[in-house]
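Here the protein sequences come in this chain order: A and B. Once you know that position 94 of the first sequence is 93 in numbering that gives the first Met the number 0, the rest is easy, because the numbers rise by one and skip nothing. Once you know that position 31 of the second sequence is 30 in numbering that gives the first Met the number 0, the rest is easy, because the numbers rise by one and skip nothing. As structure tokens, the structure follows; a few thoughts come after it.
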Amino acid sequence: MTVLSTPTPTPACGLTPRGGVAPGGFTPAFVGVCAALCAVAGWGAFAYSRQVVQGLAVTGMNDTVSWGLYMVDLIFLMGIGHAGTLFSAWARLSGRGAGHPALRIAEVLPVVTVAVGAQFAPLDLGRPERAHFVFLHARLQSPIVWDAVAINIYLLGSVIYLFATVLPDLATVARAGGVPGWKRSVCGVLSLGYRGTPSQAGRLRLATTVMAVTLIPVSIGAESVLALVFANAQRPGWHSALVAPTFVVGACVTGTAVILLTLVLVRAVYGLRAEVGWEQVRPLSRILAGCLAVYGYLACIEHVAGAYHAGVAEGRWSDAILWGGYAGAFWLTMAAGVVVPFLLLALPGAGRMARAVIACVCVVVGGYFKRLLFVVPALAYPLVPGAHAQAAYRPTWVEWSVTGGAFALVVLAVMLLSRFVPLVPPASGREGGAA
Amino acid sequence: MDFSRRDMLKLAACACAGAGLAGATPLTVRGRRLDGAGDSNTDAPGMIPAGRAGTDAASRRGVPGRRWIMVIDLAVCEGCAECTRACSKMHGVPQGQDWLPVLELRDGELAAPYNFPKPCFHCDNPPCTKVCPVDATFKRDDGIVLIDPDRCIGCRFCMVACPYSTRHFSWSPAPPGRPVCNGPGSPEYSPSPVQGTVQKCDFCPNLAERGVLPVCVTSCPHGVIYYGDQNEDAVTNGLGVTVQLSRLLEERAGSRYLEELDTRPRVYYLPPRDRQFPARSCQAHPGGDAGHSMEAP
């Protein structure tokens with residue numbers, strides 16, 4: 000049963016009878032979308048070149064709000080990856096989601112989002128050419144050092160995990176008919192001689208299980224360490240034990256929404272209405288609803304406690320968010336990014352798929368602004384107000400362009416990967432890690 | 000010029016023995032001028048002794064046997080910001096990034112506002128050095144917290160961690176009207192901020208080592224700021240008054256700002272009791288604006 004080469008008729012792309020899951024070719028539409036994404040990424044690169052030449056002065060950051068959009072991007076992109084890891088590990092280890100069509104997406108996303116998201120750390124530096132000092136002159140007291148180590152371990156683990164899970168599919172592509180020769184040789188080299196013999200499959204299954212078990216604490220740890228960068232500073236809204244749990248749950252929220260959206264998008268593009276139905280989307284939607292409830296709960300606790308503040312700075316921060324300058328953005332984010340999507344997912348009735356998609360879009364956009372509202376107000380209300388001349392933070396075109404470029408890069412990378420490994424794996428390749 | 004400031008202060012202490020809390024000690028002032036680095040500092044930043052640039056280990060260790068300390072007498076601060084201007088000029092600080100701003104604080108609704116010069120507190124339990132990932136900002140044995148501009152990667156974590164908003168970042172390559180400084184710099188002195196790194200008040204370690212008072216101390220027309228060595232138990236202000244540190248803090252009820260943060264600053268404040276000047280209006284400060292007041296009057 001674990002042997003790959005089950006007798007399958009091989010039409011055009013030749014992986015499953017239904018064919019829709021195959022890594023397709025470079026059609027004009029595909030190339031066109033890639034070109035557009037390249038243009039956006041290129042524009043982001045151009046914006047970053049302005050930053051390199053003119054310094055961080057081209058951003059909206061200042062001495063008061065000294066971290067901004069780049070830090071938000073880092074948290075946001077890292078979070079998407081964590082959710083993918085946790086979903087995949089849970090599905091494979093529990094066996095309940097062993098054949099779930101979103102597994103591959105959940106395993107690809109961490110590699111891509113963490114690889115791109117981690118770039119925001121050196122990108123945010125005043126001296127990016129000294130980024131390697133973090134390892135060369137590492138001081139173990141600094142959460143940034145923990146972060147650099149944790150993110151790299153997590154990225155490495157995610158790459159190994161993804162590789163272990165795609166190995167059977169690479170082997171299949173390498174031997175499939177109707178696939179261009181160069182692609183077959185690339186996949187042949189990458190598949191490392193995997194043939195799906197029982198002993199190979201057994202070892203691969205063990206490796207996948209070990210990686211899944213390992214990645215759960217690594218993923219939660221990396222997210223928590225990222226949270227400690229903020230929680231270890233004496234800032235209102237940051238110096239709280241709630242920050243790390245909020246980061247982990249927030250990652251599950253936005254990440255699960257991105258997985259669900261990607262799955263629905265792949266379904267639409269490849270016409271996988273038979274493989275991906277509500278039955279397959281429902282677990283994701285339920286996980287998302289559950290995480291959203293916890294996320295909302297944590298936000299309530301955070302801000303109710305903040306309103307009964309422990310000091311003048313926390314009071315100013317809380318007032319600004321609940322009733323002051325940030326109140327409009329805060330309440331809109333809480334309503335449209337947490338409450339409304341939760342209701343869309345949780346209420347019974349017709350149109351569940353459409354409602355889930357709308358909810359996910361709300362969650363992703365809301366999640367971004369929730370993180371912006373985490374980073375900026377805490378800096379805008381320092382303990383000693385007026386110590387710095389500037390205070391207001393407004394992201395500039397450079398920051399938005401670099402952000403847009405990074406997101407384009409994420410989509411582009413996922414699309415290119417989909418040409419080599421099917422985003423929705425064929426049935427015969429699924430047992431690799433199924434317990 | 001072997002006649003160090005320590006010797007000066009010892010001499011002064013002998014001369015003033017039993018003379019009371021505040022004895023005038025012209026020797027100290029003369030010592031400062033004899034060092035050839037008095038007021039001319041503020042006119043020619045390039046002429047300032049560059050500390051021990053290059054001798055990284057020495058500049059990270061500090062001056063042996065010293066515990067530099069500062070006392071600021073809020074009762075006599077006029078809020079004229081002469082200290083701010085002199086400091087910014089000497090360190091080549093761009094406008095709006097003064098290392099020593101004079102804030103206007105008010106401790107309560109019914110309390111009167113007062114002027115509050117705010118340098119780096121050079122905390123003995125500094126939150127900034129703990130979070131630095133590359134050991135670019137560090138605490139020396141002589142109490143001073145410095146930043147190595149050749150090490151700093153510009154992550155700005157220290158700015159986020161400092162509860163007093165003491166630190167500034169060099170956002171643009173060339174601050175308007177300032178020379179570009181891309182290093183190599185010294186933790187002890189740079190003629191102007193190094194691009195892409197963090198700066199702050201450095202307690203003028205290159206001057207202190209030579210027995211010269213910091214420029215903020217000497218520029219103050221009212222002798223608000225005292226500077227000295229905790230080990231010697233003596234501090235001196237810009238009027239040349241050297242006093243016993245422990246007695247000054249005891250008799251004038253010296254305290255540290257936001258003691259509850261457990262940062263243990265090396266800057267003490269004497270309360271604005273019987274003050275000689277009203278709080279300055281906010282606009283008197285060159286880089287200042289309405290944001291310089293803690294609570295709107």
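Backbone N, C-alpha and C fix where the C-beta goes; we use that ideal spot for every residue, glycine too. No experiment lies behind these values; they were computed from the predicted model shown.
Beta bridge counterpart(s) of Pro270 (chain B) as assigned by DSSP: DSSP, once it has assigned bridges, lists no residue as partnering Pro270 (chain B).
Threshold first: 4 residues or longer. Then list the alpha helix (DSSP H) segments lying entirely within the segment 83–162 of chain A, N to C. The segment 83–162 of chain A is shown to contain whole alpha helix (DSSP H) runs of 4 or more residues at 102–116, 119–122 and 132–135, in chain order.
Give a yes or no on whether the minimum CB-CB distance between His302 (chain A) and chain B is below 8 Å. no
Taking the beta strand (DSSP E) that Trp67 (chain B) belongs to, which residues open and close that run? Trp67 to Asp72
What's the call for Ala412 (chain A), buried or exposed, on a 16-neighbour Cβ count within 10 Å? buried
Which one of A:Leu73, A:Val52 and A:Gly295 has the shortest CA to CA distance from Phe406 (chain A)? A:Leu73
Contact between the segment 218–231 of chain B and the segment 121–129 of chain B is defined here as three or more beta-carbon pairs at a separation below 8 Å; is this criterion met? Taking 8 Å as the limit for Cβ pairs, the verdict is that the segment 121–129 of chain B does not touch the segment 218–231 of chain B.
Counting contacts by CB-CB distance shorter than 8 Å, is Gly78 (chain B) in contact with chain A? Gly78 (chain B) is outside the set of residues whose beta carbon lies under 8 Å from a beta carbon in chain A.
Could you give the distance in angstroms between the alpha-carbon of Val111 (chain A) and the alpha-carbon of Arg84 (chain B)? About 50 Å.
Pro116 (chain B) to Leu99 (chain B) span [Cα, whole Å]: 6 Å
Can you check whether the C-beta of Arg51 (chain B) is within less than 8 Å of a C-beta belonging to chain A? Any reading at Arg51 (chain B) is ruled out, since the residue's pLDDT is 48, under 50, leaving its predicted position unreliable.
Contact under 8 Å by Cβ, Val280 (chain A) with Leu262 (chain A): yes
Considering only the alpha carbon of each residue, which of B:Pro264, B:Glu249 and B:Glu250 lies closest to Tyr256 (chain B)? Among B:Pro264, B:Glu249 and B:Glu250, the Cα nearest to that of Tyr256 (chain B) belongs to B:Pro264.
Along chain B, in chain order, which residues have C-beta atoms closer than 9 Å to that of Ala391 (chain A)? Per Cβ cutoff of 9 Å: no residues; Ala391 (chain A) is ~10 Å from chain B at best.
Using a Cβ-Cβ cut-off of less than 8 Å, list which residues of the segment 136–160 of chain B approach chain A; keep chain order. Arg150, Cys151, Ile152, Gly153, Cys154, Arg155, Phe156, Met158, Val159 and Ala160
Neighbour-count burial assignment, Cys82 (chain B), 16 or more Cβ in a 10 Å radius: buried
Just the Cα atoms here: how many angstroms apart are Trp67 (chain B) and Asp140 (chain B)? 10 Å
From the beta carbon of Cys119 (chain B), is the nearest beta carbon of chain D less than 8 Å away? Absent from the structure: chain D. Protein chains present are A and B.
At 7 Å on the CB atoms, spell out the chain B contacts of Gln140 (chain A), in chain order. Lys129
Just mark Gln194 (chain B) as buried or exposed, buried being the case when its beta carbon has 16 or more other beta carbons within 10 Å. Under this definition Gln194 (chain B) is a buried residue.
Would you please state the rounded distance, in angstroms, between the beta carbons of Pro109 (chain A) and Gly83 (chain A)? I believe it to be under 8 Å. About 5 Å separates the two Cβ atoms, so the contact holds.
I need the straight-line Cα distance from Val133 (chain A) to Ala147 (chain A), nearest angstrom please. One Cα belongs to Val133 (chain A), the other to Ala147 (chain A), and the distance between them is close to 8 Å.
Just to confirm, are Met60 (chain A) and Tyr367 (chain A) a CB contact at a threshold of 8 Å? no
Comparing C-alpha positions only, which one of A:Val32, A:Leu68 and A:Gln53 sits nearest to Leu378 (chain A)? A:Leu68
Check the DSSP bridge columns for Val144 (chain B) and list the partner residues they point to. B:Lys138
On the DSSP bridge assignment, give the partners of Thr235 (chain B) in chain order. B:Tyr226 and B:Thr241
Inter-residue Cα distance where the pair is Gly187 (chain A) and Trp399 (chain A): For the pair Gly187 (chain A) and Trp399 (chain A), the Cα-to-Cα distance works out to about 40 Å.
Within 10 angstroms of the Cβ of His131 (chain A), are there 16 or more other Cβ atoms? Answer buried if so, exposed if not. exposed
Just the chain B side, please: which residues come within less than 7 Å of Arg126 (chain A) by C-beta, in chain order? Neighbours of Arg126 (chain A) on chain B, chain order: Cys151, Ile152, Gly153, Gly195 and Thr196.
Listed from N- to C-terminal order along the chain, which residues in the segment 74–107 of chain B have their beta-carbon within a distance smaller than 7 Å of any beta-carbon of chain A? Gly95, Gln96, Pro100 and Leu102
Any C-beta of chain A sitting closer than 8 Å to the C-beta of Gly290 (chain B)? Bear in mind that the predicted position of Gly290 (chain B) carries a pLDDT of just 38, short of 50, making it unreliable; the figure below should be weighed with that in mind. Chain A, which has a Cβ nearer than 8 Å to the Cβ of Gly290 (chain B), makes this yes.
Does DSSP put Gln194 (chain B) in a helix, in a strand, or in coil? In the structure shown, Gln194 (chain B) sits in coil (DSSP, three-state: anything other than H, G, I, E or B).
Go ahead and label Thr136 (chain B) buried or exposed: buried means 16 or more other beta carbons lie within 10 angstroms of its beta carbon, across all protein chains shown. buried
So with Cβ pairs under 8 Å, would you call Trp322 (chain A) a contact of chain B? no
Under DSSP, the beta strand (DSSP E) around Pro116 (chain B) begins and ends at which residues? Tyr113 to Pro116
Here's the rule: buried if 16 or more other CB atoms are within 10 angstroms of the residue's CB, otherwise exposed. What is Phe75 (chain A)? buried
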